[in-house]
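Protein sequence lines correspond, in order, to chains A and B. Residue numbers for the first sequence follow the numbering used here, so the first one is 2 and each next one is one higher. Residue numbers for the second sequence follow the numbering used here, so the first one is 2 and each next one is one higher. One structure is given below, encoded as structure tokens.
There are 2 protein chains.
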Amino acid sequence: MTVANDRFLRALERKPVDVTPVWMMRQAGRYLPEYRAVRKRAGDFMSLCRNPQLACEVALQPLERYAFDAAILFSDILTIPDAMGLGLHFTEGEGPGFRKTIRSPADVEALPAIDARDDLGYVMDAVSLIRRELNGRAPLIGFSGSPWTLATYMIEGSGSKDFRRAKQFMYDHPEAGHLLLGKLADAVTDYLNAQIRAGAQAVQIFDTWGGILSTSAYLEFSLAYMRRIVDGLIGERQGRTVPCILFTKQGGLWLEEIAASGCHCVGLDWTVDIGHARSRIGHKTALQGNMDPSVLYAAPEVIRREVAAILRSYGSGPGHVFNLGHGITPGVDPEHVAVFVDAVHEYSAAGHR
Amino acid sequence: MTVANDRFLRALERKPVDVTPVWMMRQAGRYLPEYRAVRKRAGDFMSLCRNPQLACEVALQPLERYAFDAAILFSDILTIPDAMGLGLHFTEGEGPGFRKTIRSPADVEALPAIDARDDLGYVMDAVSLIRRELNGRAPLIGFSGSPWTLATYMIEGSGSKDFRRAKQFMYDHPEAGHLLLGKLADAVTDYLNAQIRAGAQAVQIFDTWGGILSTSAYLEFSLAYMRRIVDGLIGERQGRTVPCILFTKQGGLWLEEIAASGCHCVGLDWTVDIGHARSRIGHKTALQGNMDPSVLYAAPEVIRREVAAILRSYGSGPGHVFNLGHGITPGVDPEHVAVFVDAVHEYSAAGHR
Numbered sequence: 002m003t004v005a006n007d008r009f010l011r012a013l014e015r016k017p018v019d020v021t022p023v024w025m026m027r028q029a030g031r032y033l034p035e036y037r038a039v040r041k042r043a044g045d046f047m048s049l050c051r052n053p054q055l056a057c058e059v060a061l062q063p064l065e066r067y068a069f070d071a072a073i074l075f076s077d078i079l080t081i082p083d084a085m086g087l088g089l090h091f092t093e094g095e096g097p098g099f100r101k102t103i104r105s106p107a108d109v110e111a112l113p114a115i116d117a118r119d120d121l122g123y124v125m126d127a128v129s130l131i132r133r134e135l136n137g138r139a140p141l142i143g144f145s146g147s148p149w150t151l152a153t154y155m156i157e158g159s160g161s162k163d164f165r166r167a168k169q170f171m172y173d174h175p176e177a178g179h180l181l182l183g184k185l186a187d188a189v190t191d192y193l194n195a196q197i198r199a200g201a202q203a204v205q206i207f208d209t210w211g212g213i214l215s216t217s218a219y220l221e222f223s224l225a226y227m228r229r230i231v232d233g234l235i236g237e238r239q240g241r242t243v244p245c246i247l248f249t250k251q252g253g254l255w256l257e258e259i260a261a262s263g264c265h266c267v268g269l270d271w272t273v274d275i276g277h278a279r280s281r282i283g284h285k286t287a288l289q290g291n292m293d294p295s296v297l298y299a300a301p302e303v304i305r306r307e308v309a310a311i312l313r314s315y316g317s318g319p320g321h322v323f324n325l326g327h328g329i330t331p332g333v334d335p336e337h338v339a340v341f342v343d344a345v346h347e348y349s350a351a352g353h354r
Numbered sequence: 002m003t004v005a006n007d008r009f010l011r012a013l014e015r016k017p018v019d020v021t022p023v024w025m026m027r028q029a030g031r032y033l034p035e036y037r038a039v040r041k042r043a044g045d046f047m048s049l050c051r052n053p054q055l056a057c058e059v060a061l062q063p064l065e066r067y068a069f070d071a072a073i074l075f076s077d078i079l080t081i082p083d084a085m086g087l088g089l090h091f092t093e094g095e096g097p098g099f100r101k102t103i104r105s106p107a108d109v110e111a112l113p114a115i116d117a118r119d120d121l122g123y124v125m126d127a128v129s130l131i132r133r134e135l136n137g138r139a140p141l142i143g144f145s146g147s148p149w150t151l152a153t154y155m156i157e158g159s160g161s162k163d164f165r166r167a168k169q170f171m172y173d174h175p176e177a178g179h180l181l182l183g184k185l186a187d188a189v190t191d192y193l194n195a196q197i198r199a200g201a202q203a204v205q206i207f208d209t210w211g212g213i214l215s216t217s218a219y220l221e222f223s224l225a226y227m228r229r230i231v232d233g234l235i236g237e238r239q240g241r242t243v244p245c246i247l248f249t250k251q252g253g254l255w256l257e258e259i260a261a262s263g264c265h266c267v268g269l270d271w272t273v274d275i276g277h278a279r280s281r282i283g284h285k286t287a288l289q290g291n292m293d294p295s296v297l298y299a300a301p302e303v304i305r306r307e308v309a310a311i312l313r314s315y316g317s318g319p320g321h322v323f324n325l326g327h328g329i330t331p332g333v334d335p336e337h338v339a340v341f342v343d344a345v346h347e348y349s350a351a352g353h354r
């Protein structure tokens with residue numbers, strides 16, 4: 002199956018494009034009334050993730066409304082620990098949590114290995130279905146949380162203000178900590194490869210909590226394991242590169258190291274100046290990002306001005322996938338998203354001539 | 002009055018010292034049982050801040066226990082908006098909040114100018130008393146929140162996950178936003194100068210929330226106003242430099258710009274590698290920081306190893322004030338703080354020979 006719109010994949014390969022491609026992290030989400038309607042039908046969030054038909058429906062919703070250049074699998078970053086038996090659940094307004102947690106080296110030893118195709122079959126079914134329903138309109142992105150990010154939730158049992166337990170675990174039990182991260186890296190590799198085999202045309206690793214670490218701890222506990230995943234990924238499928246995007250929130254200090262991991266693209270949060278990032282990384286990888294999601298609350302002319310500023314900062318030439326610097330937040334006016342997407346296409350054309 | 006131990010001031014001036022000086026943000030705090038006892042006597046947190054005798058007592062407590070090289074005024078970063086009539090209060094476990102908030106340009110216009118000596122007399126009384134009671138044992142640091150940090154709380158009414166209201170205010174009302182930040186910069190300048198006249202021998206500006214901004218927004222809304230404050234500060238008193246420390250949490254991307262502000266010292270959070278920071282900034286300013294506060298939960302040998310790693314990364318020579326990369330958190334074993342402080346003195350001696 003060919004992709005009618007392959008700007009996104011071309012930009013990740015740093016090939017010429019007509020306009021800068023754009024998608025949004027969490028583009029299938031609560032800001033859309035049609036998403037909220039399906040979510041209500043499904044019941045809780047995980048029931049929606051586990052139902053391939055409904056997951057497919059919400060994954061395609063943003064592409065019906067907007068000129069997005071990529072779709073992303075609808076799922077959660079924490080499906081792997083859930084498949085390992087930790088019992089993922091969501092509390093309204095409080096985010097994800099686990100019923101069982103990792104608190105000792107024995108807990109790490111006891112963690113079962115998983116087989117993504119069997120244990121996360123509902124994800125692969127969703128990938129296949131979304132890919133089929135997309136029917137070439139846009140490429141499909143698969144994803145997972147990073148090993149460090151999965152580990153923080155598994156040890157803390159939920160999100161945290163200072164991630165004290167997760168950090169303490171690594172200090173108190175360095176061997177068990179590395180064993181845990183290694184098990185997770187293997188599971189994520191297997192999981193992303195299964196998504197690629199099921200139809201994902203690019204993958205993104207979400208390192209949501211790498212940025213809470215010191216530089217040396219980030220390199221040791223987060224980036225090293227993402228590099229291991231990148232090394233193990235299927236690099237090409239059906240004659241086309243399957244690019245990998247690494248996104249560490251608050252990772253702006255470590256862009257050079259992230260770019261040297263072997264990934265095809267570095268995802269930037271909104272704190273980084275994208276032109277500065279480009280001059281630091283050079284042309285080693287593509288860059289994805291990075292408008293502050295809060296800008297979407299502002300007036301249309303402010304949104305357009307900020308899009309233009311980011312395009313200007315990146316400069317001309319390929320290798321840029323436009324995105325927000327983090328997921329879109331609930332409460333944004335859906336009309337503002339149209340302004341955002343259209344501004345990216347409209348203002349970027351000149352830079353690609 | 003001479004200062005018997007002036008390592009801290011000498012390090013800020015990048016002059017030779019015998020060992021690296023050390024203090025801790027929030028060193029007078031809940032991890033200390035003697036602090037909790039006084040806090041209980043005082044009632045709520047602001048009653049403690051407003052009582053110069055009790056504020057003095059808790060400010061000196063950490064110096065009784067540990068070999069700290071500086072004391073810091075016991076107060077809150079949000080006293081200025083409180084003095085402007087916004088009604089600061091603290092809710093257990095939820096942090097600070099204001100009874101009145103800034104929601105419109107008219108609210109900004111209506112904000113009264115304050116006279117720090119009159120309107121925040123209790124702070125100056127605490128400064129004078131602590132300085133007198135210190136009796137030269139160690140220098141006294143005064144402080145304030147940064148204009149941007151004060152503005153976020155004034156607009157949001159409390160802490161926030163994404164600071165959407167504060168950012169939106171700046172996008173929707175740029176003139177009123179700058180008017181607000183200008184008023185706050187004037188008030189902070191006056192406030193810090195009053196603290197210096199009352200006896201503070203160095204001052205620190207806490208930019209707790211500058212790091213949530215994009216690069217361009219940080220430069221425009223936060224750093225520009227801190228620079229204005231630095232320009233307006235009393236630079237010398239009683240024949241000695243009064244150094245100013247700028248601390249932007251998550252400000253690691255902007256160290257060069259912060260160092261160019263005219264401040265004497267750049268405070269680093271724990272995500273930055275201090276050796277890398279030194280090579281970026283050169284010898285333009287001193288550096289303060291930057292152990293991850295979470296390390297204090299780990300075993301003594303881990304604490305000592307991390308102290309040694311930071312000293313090694315900074316390298317030899319003056320200009321380093323050891324600190325945590327953020328405030329110490331409640332629940333730390335007070336014995337671990339002794340390990341930390343003693344390790345800094347013990348391990349740094351060789352680098353100053």
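Glycine included, C-beta positions come from ideal geometry on N, C-alpha and C. This one's a predicted model, so the numbers in the text were calculated from it and none came from an experiment.
Under DSSP, P97 (chain A) forms a beta bridge with A:F91.
For V322 (chain A), no CB of chain B lies under 8 Å from its own CB, so it is not counted at the interface with that chain. Contact with chain B is found for A300 (chain A), since one of that chain's Cβ atoms lies less than 8 Å from the residue's Cβ.
Each residue's CA atom was taken as its position, placing V20 (chain A) and V267 (chain B) some 41 Å apart. DSSP places L312 (chain B) inside the alpha helix (DSSP H), whose first and last residues are 301-315. Taking the CA atoms as reference points, A299 (chain B) sits about 34 Å from S223 (chain B). Under DSSP, F46 (chain A) forms no beta bridge with any residue.
A direct Cα-Cα distance of roughly 38 Å separates L182 (chain A) from V18 (chain A). D108 (chain B) has a beta carbon lying at 8 Å or more from every beta carbon in chain A. Annotated three-state conformation of H321 (chain A) is strand, per DSSP.
Going by C-alpha positions, T242 (chain A) is about 9 Å away from I235 (chain A). In terms of Cα proximity to D119 (chain A), the closest of A:Y192, A:F341, A:E258, A:L220 is A:Y192. Taking the beta carbon of L214 (chain B) as reference, the chain A residues within 9 Å of it are W271, T272, D293, listed in sequence order. Listed in chain order, the non-local C-beta contacts of R51 (chain B) below 8 Å within the same chain comprise Y123, local neighbours out to five positions each way being set aside.
With 16 or more other Cβ atoms from the protein chains shown falling within 10 Å of its own Cβ, A84 (chain B) counts as buried. The bridge partners DSSP lists for L247 (chain A) are A:I206, A:V267. From the beta-carbon of T102 (chain A), no residue of chain B is found nearer than 7 Å; the closest lies around 17 Å away.
Not one beta carbon of chain B lies nearer than 8 Å to the beta carbon of Q28 (chain A). Each residue's CA atom was taken as its position, placing M26 (chain A) and V322 (chain A) some 12 Å apart.
When C-beta distances to chain A are compared with 8 Å, the residues of the segment 153-165 of chain B below that value are D163, F164, R165, in chain order. Within 10 angstroms of the beta-carbon of S349 (chain B) lie 16 or more other beta-carbons, which makes it buried. Beta-bridge partners of S217 (chain B) (DSSP): none assigned. The Cβ atoms of W24 (chain B) and I73 (chain B) sit closer than 8 Å to each other. Across the segment 242-262 of chain B, CB contacts with chain A closer than 8 Å involve Q251, G253, L254, in sequence order along the chain. At a cut-off of 8 Å between beta carbons, S217 (chain A) contacts chain B. Contact of T330 (chain A) with chain B by beta-carbon distance below 8 Å involves D163, R165. The beta carbon of G318 (chain B) lies closer than 6 Å to none in the same chain, with the five residues before and after it left out. Secondary structure of G276 (chain B) (DSSP, three-state): helix. Using a Cβ distance threshold of 8 Å, G332 (chain A) and M292 (chain A) do not count as a contacting pair. Per DSSP, reduced to three states, the secondary structure at Q196 (chain B) is helical.
The segment 26-40 of chain B makes no contact with the segment 91-106 of chain B; the number of CB pairs closer than 8 Å stays below 3.
Rounded to whole angstroms, the separation of the alpha carbons of G240 (chain B) and S147 (chain B) is 27 Å. Pairwise C-beta distances place the segment 299-313 of chain A out of contact with the segment 54-64 of chain A, as fewer than three of them are shorter than 8 Å. Within chain B, S295, Y298, A299 have C-beta atoms less than 8 Å from the C-beta of Q169 (chain A), given in sequence order.
In the pairwise beta carbon analysis, the segment 252-270 of chain A is classified as touching the segment 224-231 of chain A: at least three pairs are separated by under 8 Å. Nearest in C-alpha terms to S48 (chain B), of all of B:H90, B:D270, B:D7, is B:H90.
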